[in-house]
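Q:
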Amino acid sequence: FDDDEFLGHDDLSKMIRSLTRDELTDEEAEFIIERIIEEADLDGDDRINYAEFEHVVSRSPDFIRTFHIRI
Numbered sequence: 134f135d136d137d138e139f140l141g142h143d144d145l146s147k148m149i150r151s152l153t154r155d156e157l158t159d160e161e162a163e164f165i166i167e168r169i170i171e172e173a174d175l176d177g178d179d180r181i182n183y184a185e186f187e188h189v190v191s192r193s194p195d196f197i198r199t200f201h202i203r204i
């Protein structure tokens, strides 16, 4: 989202806010962001690179089938 080739905390926050239409509390959003980073960040740098994202998606066979973006 900020063109640095990583998904960091701010990127994930924007994504969560957009996907949930700001219906989560700050605490709920932060919890989700921390869980995403915890699950996907394999090298411990607190951000998700393309390889880490690809790894998480490949472990979730339903992801591609169920993931939709409304335009």
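The sequence shown begins at 134 in the working numbering and counts up by one.
For each residue, glycine too, the CB sits at the ideal point set by N, CA and C.
#1: In terms of residue numbering, what span does the alpha helix (DSSP H) encompassing R168 cover?
#2: Can at least three beta-carbon pairs, one atom from the segment 189 to 196 and one from the segment 146 to 154, be found at a separation below 8 Å?
#3: What does DSSP give as the partner residues of L140 in its beta bridges?
#4: Thinking C-beta only, is A173 closer than 9 Å to E161?
#5: Given D135, which residues of its chain have a CB within under 8 Å of its CB, disregarding the five upstream and five downstream residues?
#6: Using only alpha-carbon positions, find the residue among E156, E138, I166 that is nearest to S146.
A: Let me spell this out:
#1: It spans 159 to 173 - the alpha helix (DSSP H) in which R168 sits, taken as one unbroken run.
#2: No contact exists between the segment 189 to 196 and the segment 146 to 154.
#3: In DSSP, L140 forms a bridge with I181.
#4: For the pair E161 and A173, the CB atoms are not nearer than the 9 Å cut-off.
#5: Taking D135 as the centre and dropping the five residues before and after it, the same chain places the C-beta of G141, D143, D144 closer than 8 Å to its C-beta, in chain order.
#6: Cα-wise, what sits closest to S146 is I166.
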